[in-house]
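> Residues in the sequence shown are numbered from 125 upward in steps of one, following the UniProt record's numbering. Glycine included, C-beta positions come from ideal geometry on N, C-alpha and C. Quantities reported herein were computed from a predicted structural model and do not represent experimental measurements.
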Amino acid sequence: ATKTRSISTMSVGEDNVSSSVKRQLAQLFEISLRETVPGESDVVPIVDSCSDKSGGKFGDYQCNNAMVLWSKIKGKQTGFRGPPSVGQAIMKNLPPSEMIESCSVAGPGFVNVVLSKNWIAQSLLRMLIDGIDTWAPRLSLKRAVVDFSSPNIAKEMHVGHLRSTIIGDTLARMLEFSHVEVLRRNHVGDWGTQFGMLIEFLFEKFPNPEEVNEAAIGDLQAFYKASKLKFDSDPEFKQRAQLAVVRLQGGEVRYRKAWKQICEISRTEFHRVYERLGVQLEEKGESFYNPYIPRVLEELDNKGLIEESEGARVIFVDGVNIPLIVVKSDGGFNYASTDLAALWYRLNEEKAEWIIYVTDVGQQQHFDMVFKAAKRAGWLPANDSSYPKATHVGFGLVLGEDGKRFRTRNTEVVRLVDLLDEAKSRSKTAVLERDAAKDWPEEEVEKTSEAVGYGAVKYADLKNNRLSNYTFNFDQMLNDKGNTAVYLLYAHARICSIIRKSGKDIEELKRNGNIVLDHDGERALGLHLVQFSEVVEEACTNLLPSTLCDYLYNLSDIFTKKFYSNCQVIGSPEETSRLLLCEATATVMRKCFYLLGIVPVYKI
Ligand code: ARG
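Pasting the structure below:
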């Protein structure tokens, strides 16, 4: 039989981009499966790495198709006697490949694969020469929207927004690395009835609009509170504020201008936080979608989705007993009408295939209803297994030591800037205590404190499964032992210093040196390194940054415990190969840091 390489479901991507080990093996198994049961159309290879779970006892990867296949073909005249014999055939039909050292069939038909250590070594060397971007996975979509951070004007950015900013930025980075064009959207809350009261209050405080600026207003949150107090206690003011909303919506110049001024002050505040966190975003706030709402609702109405309920206009969706209100009883639009318009815009104007919303789990029902409405309208396929699709990435609460919602001392919410200040000053104290930092210039101390401090805050958030609540604890996140950014950053710096101390030119070694993985520790490290690509792919598919954190932590662990404690580097006969292994580890660690939004440290 001729062996055709039809690899429909797994595109290898363009030149110079290698696909993950898992995908490459899956391709081999796909060929074998077609050969094993000719005519069987549904032969999606089920391949997984297994060295983690079994300690390598069953090889490095496993193919689990035999059992499924047997259940389909038993009773037919195939000559197979049971799953193990199907497994044997799958193994026999595997095309020869330099990737594979050996195979075996175990138990009920698992095909176990041991990778060739030579092949692993060559992959590492090629990555070092061509750059780690050649290990980027290729996903089957071109463009995504990540809607994240999205604070509200005149209200403080709080820890919830910090979580959204950190998680959203990482997801965007991972997708971008995987060749997806990402539109990073800041869906700022810049519209709504609160602006009536804010504007009226602004007019009262500053009869001369020229005087309005950040310095004069000071804390916008306090400004919001004061105006709210007046709104609740002064009926005459309340009336004026309500009228102001109408005038603002009607586009009256003086009102638009005041609105813009207020937004601008908030924006400056938000940007300070983004800059410190190294996060880039493009603002398309709620107001941006206003002009689209009427026609989007008209479309939904024409499709028969919109009903009348208690004076409001609503959409009913499956499985939820309350309707989604899209026009309030006073005729105004709301959060949901804006989100429907935004979704429409992202699908039709921006042509995004995957639209990802990062907010706390409290908004899950809102998004569930918006997505279901979009499915009823035929904007999205009913089934989430194909694009275009919309996904809500929910996350849990940040808790304080008392197990309650995180707050600082007297304030109701935690100001993000204060939190970042504290992270930096604490890490600076720790950095200054280190011997190595004694004669660093001030600039270096600052840079390192920021990298470590902000990195610690980010990593403490990202390493958890995002759906669970987590306790915010400075002492814990800044500990240099355990699963923390500090530990990982220092581990990276130590690897860099091994390379420095060797006195060798690493670029020269990349060109002329070789990697050998004869020691178990070397092989274990090499294997973990070549699995980077499939881990990023998995983290992207499941939108779970913690997957990448686990990988990074394991990498550091394997480096230290399996490799470095058993394999002498400097001065050993294997020095060149081992230095290259150090360099490969540092390279992969740095890419992990980058994807997690953490700035690496090279010296400590
Ligand atoms: N501004 C909202 C909040 O602070 C988050 C917006 C999320 N994005 C969206 N498209 N609804 O809770």
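Only counting the same chain, and skipping five residues up and downstream in sequence, which positions put a Cβ closer than 6 Å to that of alanine 125?
With a pLDDT of only 34 at alanine 125, under the threshold of 50, the placement of this residue in the model should not be trusted, and no figure is reported.
> For arginine 500, which residues in the same chain have their Cβ closer than 6 Å to its Cβ, ignoring the five residues on either side in sequence?
Leu429.
> Report yes or no: do the stretch 642-659 and the stretch 676-687 share at least 3 C-beta pairs separated by less than 8 Å?
Enough Cβ pairs lie closer than 8 Å, so yes.
> Would you mind working out which of Val397, Gly518, Leu668 and Gln385 sits nearest leucine 540, comparing C-alpha positions?
Nearest of Val397, Gly518, Leu668 and Gln385 to leucine 540, Cα basis: Val397.
> DSSP has isoleucine 224 in a bridge; who is on the other side?
Partner(s): Leu239.
> Tell me whether phenylalanine 598 sits in a helix, a strand or coil according to DSSP, three-state version.
DSSP places phenylalanine 598 in helix when its eight states are reduced to three.
> Which runs of the alpha helix (DSSP H) fall wholly inside the stretch 456-535 and span at least 4 residues, in chain order?
DSSP runs (the alpha helix (DSSP H)) wholly in the stretch 456-535: 459-472 and 488-500.
> Is the separation between the beta-carbon of lysine 146 and that of valine 171 shorter than 9 Å?
Yes, Cβ-Cβ distance for lysine 146 and valine 171 is below 9 Å.
> With DSSP collapsed to three states, give me the class of glutamate 434.
Three-state result, glutamate 434: coil.
> Assuming the contact rule is C-beta atoms closer than 8 Å, leucine 295 and leucine 667 should be a hit. Round their C-beta distance to whole Å, please.
6 Å between Cβ atoms; contact.
> Tell me where the beta strand (DSSP E) around serine 143 begins and ends.
No beta strand (DSSP E) contains serine 143, which DSSP labels as neither H nor E.
> Hey, is the stretch 599-612 in contact with the stretch 211-224, meaning 3+ C-beta pairs nearer than 8 Å?
Contact between the stretch 599-612 and the stretch 211-224 is absent, because fewer than three Cβ pairs lie under 8 Å.
> Can you tell me where the beta strand (DSSP E) with alanine 268 in it begins and where it stops?
267-271 is the span of the beta strand (DSSP E), which, as asked, contains alanine 268.
> I need the straight-line Cα distance from arginine 205 to alanine 190, nearest angstrom please.
Cα to Cα, arginine 205 sits roughly 12 Å from alanine 190.
> Roughly how many whole angstroms lie between the Cα atoms of phenylalanine 613 and valine 725?
The sequence shown places leucine at residue 613, not phenylalanine. Those two C-alpha atoms are separated by around 6 Å.
> What first and last residue would you give for the alpha helix (DSSP H) that runs through leucine 448?
First-last for leucine 448: 448-451, but that is the beta strand (DSSP E), not the alpha helix (DSSP H).
> For alanine 710, does the count of other Cβ atoms within 10 angstroms reach 16, so buried, or fall short, so exposed?
Buried, by the Cβ-count rule.
> Give me the Cα-Cα distance between tyrosine 379 and glutamate 406, rounded to the nearest whole angstrom.
Straight-line Cα distance between these residues: approximately 25 Å.
> With distances taken from CA atoms, which of Leu193, Glu388, Leu705 and Ala150 is nearest aspartate 166?
It is Leu193.
> To the nearest angstrom, report how far apart aspartate 442 and histidine 490 are at their CA atoms.
Taking the straight line joining both Cα atoms gives about 13 Å.
> Identify the continuous alpha helix (DSSP H) that holds asparagine 666 and give its terminal residues.
Counting along the chain, the alpha helix (DSSP H) containing asparagine 666 begins and ends at 656-666.
> Between which two residues does the beta strand (DSSP E) harbouring tyrosine 185 extend?
Per DSSP, tyrosine 185 belongs to the beta strand (DSSP E) from 185-187.
> If you follow the alpha helix (DSSP H) that valine 441 is part of, which residue opens it and which one closes it?
Where valine 441 is concerned, there is no enclosing alpha helix (DSSP H), given that its DSSP letter is neither H nor E.
> Sort out for me which residues DSSP pairs arginine 309 with in a bridge.
BP columns for arginine 309 point to Asp271 and Glu406.
> Please list the terminal residues of the continuous beta strand (DSSP E) segment that includes serine 173.
Element bounds for serine 173: 171-173.
> In the DSSP assignment, the alpha helix (DSSP H) including tyrosine 677 goes from what residue to what residue?
From DSSP, the alpha helix (DSSP H) with tyrosine 677 extends over 669-681.
> Note the first and the last residue of the continuous alpha helix (DSSP H) segment covering cysteine 716.
Cysteine 716 -> alpha helix (DSSP H) spans 699-719.
> If I follow the unbroken alpha helix (DSSP H) through threonine 392, where does it start and stop?
From DSSP, the alpha helix (DSSP H) with threonine 392 extends over 377-401.
> In or out: leucine 372 buried (at least 16 other Cβ within 10 Å) or exposed?
Buried, because 16 or more other Cβ atoms sit within 10 Å of the Cβ of leucine 372.
> Answer yes or no: do leucine 424 and leucine 464 have a C-beta to C-beta separation smaller than 9 Å?
A contact, by the Cβ cut-off of 9 Å.
> On the DSSP bridge list, what partners appear for valine 229?
Paired residues: Val235.
> For leucine 591, which of Gly520, Ser549 and Ala617 has the nearest alpha-carbon?
Considering only alpha carbons, the answer is Gly520.
> Please go through the same chain and pick out, in chain order, the residues whose beta-carbon is closer than 6 Å to the beta-carbon of serine 226, but skip the five residues on each side of it.
Taken in chain order, the residues that qualify are Val238.
> How far does the alpha helix (DSSP H) with arginine 618 in it reach, from first residue to last?
Where arginine 618 is concerned, the enclosing alpha helix (DSSP H) stretches over 609-626.
> Expressed to the nearest angstrom, what Euclidean distance is found between the alpha-carbon atoms of asparagine 236 and glutamine 212?
C-alpha separation (whole angstroms): 11 Å.
> Count the CB pairs spanning the stretch 259-270 and the stretch 301-312 that are closer than 8 Å, and state whether there are at least three.
Yes, they touch.
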